[in-house]
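Take a look at the structure below.
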Amino acid sequence: MRSSFRSVLLVVGLVLSASCFVHADTITISFSEYATGTVGGQSFTNQLLTYSGSFTTVQLAACQVDPSFNCVEAPGEIFFELMNGLTTTFTVGGLGTFTGTGRDDVDFDYSGSLTSIAPRFGGDFDHFLVIPTTPSFLGSTCVMNFPPFYCPIYAATSGGDLILTSVGDTYSTEVLVDGVPLASSTPEPSSLTLFASGALGIFELVRRRLQGPDDDQHWGTG
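This is the structure we're talking about:
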């Protein structure tokens, strides 16, 4: 028994040691649109609103090998949120940048390489304000789509509730890797991705064996 436990500790030690040599790039997915509304009671008119969600390549690899992350929305589609290690901000032109404090997420297509990332939407999952925003979800037409007690929809931020009254007709997205636009960044080597995935997979297997099946908790997204 003691020998078995030592073996487990050895495996964990090897995984942790190996992880020191894995460079974790930071991926930032942003969604922007011009909007009018308020944040914390401060009004803004036709300002660029940008929602950004950031996570690392190691967290993305864990998402692929650890079912408890529960971040695979559908084949080829990822729903990444705070429980997966996501950090988020809302930037309102003229008013500043605020940390997201709701149940924020980003949704994107992903087929195994960073260059395959295609942003879908992102925002406050709990309070229904996401970008790109559906105009009919705002103002007096909100109740046509949501129960009255959800209206107005909003995003919780460190600067107060972000409430929109109107949005423009277009939106844009951007993917950054360590601050560099994806199109001009160097794709992560496939061997590094496989190494990170394998190391995290071993770590998860060891964790489950130490905890036992009754201690595992699998989280949902909704």
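Sequence positions in the sequence shown follow mature numbering (1 follows the signal peptide of the UniProt record, and there is no 0) and run -24 to -1, 1 to 198.
Glycine residues also receive a C-beta, built at the ideal position from the N, C-alpha and C atoms.
Which residues in the same chain as residue i place their Cβ atom closer than 6 Å to its Cβ, once the five residues preceding and following it in sequence are excluded?
i, result
"Phe7", "Tyr27, Gly98, Ile107, Thr149"
"Thr64", "Gly29, Gly76, Asp80"
"Thr146", "none"
"Leu152", "Thr4"
"Phe122", "none"
"Phe74", "Phe66, Thr133, Ser134, Gly135"
"Glu49", "Phe55"
For residue i, I'd like the list of residues in its chain whose CB is within less than 8 Å of its CB, leaving aside the five on either flank, ordered along the chain.
i, result
"Pro163", "Unreliable positioning characterises Pro163 in this predicted model, as indicated by a pLDDT of 41, which lies under 50. The coordinate reading is nonetheless provided below. These residues qualify, in order along the chain: Ser89, Leu90, Thr91."
"Cys127", "Cys118, Val119"
"Leu170", "Low confidence applies to Leu170: its pLDDT is 40, below 50, so where it sits in the model is not reliable, and the reading given next is rough at best. Within the same chain, Leu170 has no close Cβ partners at all."
"Glu53", "Asp83, Phe84, Asp85, Tyr86, Arg96"
"Glu9", "Leu24, Leu25, Ile107, Pro108, Thr109, Val143, Gly144, Thr146, Tyr147, Ser148"
Thinking C-beta only, is residue j closer than 8 Å to residue i?
i, j, result
"Asp81", "Phe101", "yes"
"Thr33", "Ala(-1)", "yes"
"Phe31", "Leu62", "yes"
"residue 219", "Thr109", "Outside the shown range of the chain, which is -24 to 198, sits residue 219, and nothing can be said about it."
"Ile5", "Leu36", "no"
"Leu114", "Leu140", "yes"
"Val15", "Gly155", "no"
"Ala132", "Gly72", "no"
Between which two residues does the alpha helix (DSSP H) containing residue i stretch?
i, result
"Ala37", "33 to 41"
In terms of residue numbering, what span does the beta strand (DSSP E) encompassing residue i cover?
i, result
"Tyr130", "Taken as a continuous stretch (DSSP letters only), Tyr130 belongs to no beta strand (DSSP E), as it is neither H nor E."
"Val68", "63 to 68"
"Val82", "80 to 85"
"Ile54", "53 to 57"
"Val119", "Note, Val119: premise wrong, no beta strand (DSSP E); not H, not E."
"Ala50", "48 to 50"
Based on DSSP bridge pairs, tell me the residues matched to residue i.
i, result
"residue 201", "Limits of the chain in this structure are -24 at one end and 198 at the other, which puts residue 201 out of reach."
"Ser6", "Ser28, Glu150"
"Asp137", "Ala132"
"Thr75", "Thr65"
"Gly99", "Asp81, Val106"
"Phe20", "Gly13"
"Pro111", "Bridge partners of Pro111: none, in fact."
"Ala94", "Asp85"
Sorted by chain position, which residues of the same chain lie with C-beta nearer than 7 Å to residue i's C-beta, five sequence neighbours on each side aside?
i, result
"Arg96", "Asp83, Phe84, Asp85"
"Phe45", "Ala38, Cys39, Asn60"
"Gly70", "Phe20, Gln23"
"Thr197", "Caution applies to Thr197, whose pLDDT of 37 falls short of 50 and renders its modelled position unreliable; the model cannot decide the point."
"Gln18", "Leu71"
"residue 200", "This structure leaves residue 200 out entirely; the chain is present only between -24 and 198."
"Ala94", "Phe84, Asp85"
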